[in-house]
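Engineer: Please read through the structure below; I'll follow up with questions.
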Amino acid sequence: MHTTRRGLLKGAGAIMAGAGLAGLTVPPAFAANTITLGELQIDTLSDGHLVLPGDFILAGMPQDALMPILARHGVSRDRLTPDCNVTLLRDGTRTVLFDVGSGPDFAPTAGRLLEALETVDVAPEDVTHVVFTHAHPDHLWGVLDDFDDPLFSEASYLIGKTEWDYWIDPNTVDSIGDARASFAVGAQRRLAAIEDRVEFFTDGQEVLPGVAARASFGHTPGHMAFEVRSGSNAVMIVGDAIGNHHVAFERPEWASGSDQQTDIASKTRVQLLDQLAADQIPMIGFHLPGGGLGRAERKGDSYQFVTEI
Numbered sequence: 113m114h115t116t117r118r119g120l121l122k123g124a125g126a127i128m129a130g131a132g133l134a135g136l137t138v139p140p141a142f143a144a145n146t147i148t149l150g151e152l153q154i155d156t157l158s159d160g161h162l163v164l165p166g167d168f169i170l171a172g173m174p175q176d177a178l179m180p181i182l183a184r185h186g187v188s189r190d191r192l193t194p195d196c197n198v199t200l201l202r203d204g205t206r207t208v209l210f211d212v213g214s215g216p217d218f219a220p221t222a223g224r225l226l227e228a229l230e231t232v233d234v235a236p237e238d239v240t241h242v243v244f245t246h247a248h249p250d251h252l253w254g255v256l257d258d259f260d261d262p263l264f265s266e267a268s269y270l271i272g273k274t275e276w277d278y279w280i281d282p283n284t285v286d287s288i289g290d291a292r293a294s295f296a297v298g299a300q301r302r303l304a305a306i307e308d309r310v311e312f313f314t315d316g317q318e319v320l321p322g323v324a325a326r327a328s329f330g331h332t333p334g335h336m337a338f339e340v341r342s343g344s345n346a347v348m349i350v351g352d353a354i355g356n357h358h359v360a361f362e363r364p365e366w367a368s369g370s371d372q373q374t375d376i377a378s379k380t381r382v383q384l385l386d387q388l389a390a391d392q393i394p395m396i397g398f399h400l401p402g403g404g405l406g407r408a409e410r411k412g413d414s415y416q417f418v419t420e421i
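Under our numbering, the first residue of the sequence shown carries the number 113, and numbering increases by one thereafter.
Below, the structure is given as structure tokens:
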């Protein structure tokens, strides 16, 4: 396995205006990491970042124990700015995206995937497959172009059957809660637009050669991770099953407000970190820093995110 870290910058940052975002600078799109597994090349691409109120993730956690963790990582309690990392896999025949970012309609600091793809000389029509970890806006909403047609016009789309069934269900918008109702409306519209190109898979299935689905339910009811393997080398694409580099590693058993099924998600996070740390399998996390590539290392009774792999 060969890895490199790089920052292929393209374009100037833009100053964002809008509710709560005045004065924020959007960083340039870039390709952050490259991993080579045999004939497979994996790049992580920045879609930008999100700006979230701290309470969205942290409100239900024990605050006295939480604050020292945030301080150790230099993270604000009031505002979180997680990176958004899309994974690109190429094997000489297939060009595969794992998730497609926010597109233009979700967050003004995100939606930069097309610029990032340009830095690695990939056009939308070059993409042969899009594989979804789950259908939250920052992972799905970039699937359509400005005319509401599929942006990746030549691609097949793959999503877990449990995840599809949840979001396409018309009752989800009423059961998901007011804060996420727009997630359901947006997901239904976008999934309907690609319905005739969708293929479904289940836990343990090889969705593409060298890519196996791993159930990691809880963040959403059908969230999937993916183990990419070539011979004895592997990388785990964890999506949002491990959603940050601080609390999720130090106290993975704590319920996170970003998870829809908090108890299931906590168990999933603990099990996944235990596996990744024991087997020393590198991971790519959608919201982990530095392009998302790193590994989990045991630290006493908890874990830490280490970028050296």
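Every residue gets a Cβ at the ideal spot worked out from N, C-alpha and C, and that includes glycine. Predicted model only: the values in this text are computed from it and were never measured.
For L136, name the three-state secondary structure that DSSP assigns.
Structural biologist: As a position in the sequence shown, residue 136 is number 24, starting the count at 1. Because L136 carries a pLDDT of 43, less than 50, the predicted location of this residue cannot be relied on, and no value is offered for it.
Engineer: In the structure shown, what three-state DSSP assignment does R191 receive?
Structural biologist: The residue given as residue 191 occupies position 79 in the sequence shown. Strand.
Engineer: Go through its chain and collect everything with a Cβ distance to A134's Cβ below 6 Å, but skip five positions before and after it.
Structural biologist: Indexing the sequence shown from 1 puts residue 134 at position 22. Here the model assigns A134 a pLDDT of 38, short of 50, so the residue's position is not dependable, and the following value carries that caveat. Cβ within range, chain order: n/a, list empty.
Engineer: When DSSP builds the beta bridges, which residues end up paired with A222?
Structural biologist: Counted from its first residue, the sequence shown places residue 222 at position 110. DSSP, once it has assigned bridges, lists G160 as partnering A222.
Engineer: Measuring only the C-alpha atoms, how far is V138 from L192?
Structural biologist: In the sequence shown, residue 138 corresponds to position 26, counting from 1. In the sequence shown, residue 192 corresponds to position 80, counting from 1. Residue placement at V138 is flagged as unreliable, the pLDDT there being 48, under the threshold of 50; a coordinate-derived value is accordingly withheld.
Engineer: Suppose you measure from the CA of P394 to the CA of C196; what does that come to, to the nearest Å?
Structural biologist: Taking the first residue of the sequence shown as 1, we reach residue 394 at position 282. Taking the first residue of the sequence shown as 1, we reach residue 196 at position 84. Distance between the alpha carbons of P394 and C196: 18 Å.
Engineer: So, under 8 Å CB-CB, W276 and F312 are touching, yes? Tell me the CB distance rounded to an integer number of Å.
Structural biologist: By 1-based counting over the sequence shown, the position of residue 276 is 164. By 1-based counting over the sequence shown, the position of residue 312 is 200. Yes, they are in contact, since the Cβ atoms of W276 and F312 sit about 6 Å apart, within 8 Å.
Engineer: From A327 to P220, what does the alpha carbon distance come to, in whole angstroms?
Structural biologist: The count along the sequence shown starts at 1 and reaches residue 327 at position 215. The count along the sequence shown starts at 1 and reaches residue 220 at position 108. Straight-line Cα distance between these residues: approximately 31 Å.
Engineer: For R407, is the beta carbon positioned less than 8 Å from some heavy atom of the ligand FMN?
Structural biologist: What this structure holds is no ligand at all, so the ligand FMN is not there to describe.
Engineer: Give every residue of the same chain whose Cβ lies closer than 6 Å to the Cβ of D190, excluding the five residues on either side of it in the sequence, and list them in chain order.
Structural biologist: Taking the first residue of the sequence shown as position 1, residue 190 is located at position 78. Answer for D190: G166, listed in chain order.
Engineer: Contact between the segment 377–395 and the segment 169–184 is defined here as three or more beta-carbon pairs at a separation below 8 Å; is this criterion met?
Structural biologist: no
Engineer: For the segment 247–260 against the segment 193–212, do three or more pairs of beta-carbon atoms, one drawn from each stretch, fall closer than 8 Å, so that the two count as touching?
Structural biologist: yes
Engineer: Relative to the alpha-carbon of G397, which residue among H357, I376, W366 has its alpha-carbon at the smallest distance?
Structural biologist: In the sequence shown, the residue the question calls residue 397 occupies position 285. Taking only the C-alpha atoms, the option nearest G397 is H357.
Engineer: Grab me the residues of F417's own chain with a C-beta within less than 6 Å of its C-beta, minus the 5 sequence neighbours each way, in chain order.
Structural biologist: Residue 417 sits at position 305 when you count from the first residue of the sequence shown. Apart from sequence neighbours up to five positions away, the residues of its chain that approach F417 with a beta-carbon distance below 6 Å are H357, F361, G406, ordered along the chain.
Engineer: Along the chain, where does the beta strand (DSSP E) containing M336 start, and where does it finish?
Structural biologist: The residue given as residue 336 occupies position 224 in the sequence shown. Segment 336–342, the beta strand (DSSP E) holding M336.
Engineer: Should L200 and L226 be called a contact, given that it needs their Cβ atoms to be closer than 9 Å?
Structural biologist: Along the sequence shown, one-based indexing puts residue 200 at 88. Along the sequence shown, one-based indexing puts residue 226 at 114. Pairing L200 with L226 gives a Cβ-Cβ distance that is not under 9 Å.
Engineer: Quick one: complete beta strand (DSSP E) runs, 3+ long, within the segment 389–413?
Structural biologist: 395–397, 405–411
Engineer: Which residue or residues does DSSP assign as beta-bridge partners of N345?
Structural biologist: On the sequence shown, position 233 is the one that residue 345 refers to. Answer is S342.
Engineer: From this set, E237, Y415, V340, D308, which residue's C-alpha is nearest Y269's C-alpha?
Structural biologist: As a working mapping, residue 269 is identified with position 157 in the sequence shown. Among E237, Y415, V340, D308, the Cα nearest to that of Y269 belongs to D308.
Engineer: By DSSP, does P236 sit in helix, in strand, or in coil?
Structural biologist: Numbered from its first residue, the sequence shown carries residue 236 at position 124. Three-state DSSP puts P236 in a helix.
Engineer: So, are the CB atoms of A337 and I349 less than 9 Å apart?
Structural biologist: For the purposes of this step, residue 337 is taken as the residue at position 225 of the sequence shown. For the purposes of this step, residue 349 is taken as the residue at position 237 of the sequence shown. For A337 and I349, yes; Cβs fall inside 9 Å.
Engineer: By Cβ distance, which residues of its chain are closer than 6 Å to T419, with the 5 residues on each side in sequence left out?
Structural biologist: Reading the sequence shown from its first residue, position 307 is the one you call residue 419. G402, G406.
Engineer: Return the chain-ordered list of same chain residues with a C-beta closer than 6 Å to the C-beta of L149, the five sequence neighbours on each side being excluded.
Structural biologist: Indexing the sequence shown from 1 puts residue 149 at position 37. M113, S342, N345.
Engineer: Could you give the C-beta distance for D352 and T245, rounded to a whole number, given that I count them as a contact under 8 Å?
Structural biologist: Sequence index remark: in the sequence shown, residue 352 carries index 240 (1-based). Sequence index remark: in the sequence shown, residue 245 carries index 133 (1-based). Indeed they touch by this definition, with Cβ atoms about 7 Å apart.
Engineer: Residue range of the alpha helix (DSSP H) that E362 falls in?
Structural biologist: In the sequence shown, counting from the first residue as 1, residue 362 sits at position 250. Here the alpha helix (DSSP H) through E362 covers 359–362.
Engineer: Below 6 Å CB to CB, which residues in the same chain sit around D371 once its five sequence neighbours on both sides are set aside?
Structural biologist: As a position in the sequence shown, residue 371 is number 259, starting the count at 1. A distance below 6 Å between beta-carbons, with the five flanking residues on each side excluded, links D371 to the following residues of its chain, in chain order: G330, H331, A377.
Engineer: How should A267 be labelled, buried or exposed, when 16 other C-beta atoms within 10 angstroms of its C-beta is the threshold for buried?
Structural biologist: As a working note, residue 267 is residue 155 in the sequence shown. Answer is buried; the Cβ neighbour count reaches 16.
Engineer: Output yes or no for whether 9 Å exceeds the beta carbon distance between V382 and P364.
Structural biologist: Working through the sequence shown from its first residue, we reach residue 382 at position 270. Working through the sequence shown from its first residue, we reach residue 364 at position 252. Yes, the Cβ-Cβ distance between V382 and P364 is below 9 Å.
Engineer: Measure the alpha-carbon distance for Q300 versus G412 and round it to whole angstroms.
Structural biologist: Taking the first residue of the sequence shown as position 1, residue 300 is located at position 188. Taking the first residue of the sequence shown as position 1, residue 412 is located at position 300. Straight-line Cα distance between these residues: approximately 43 Å.
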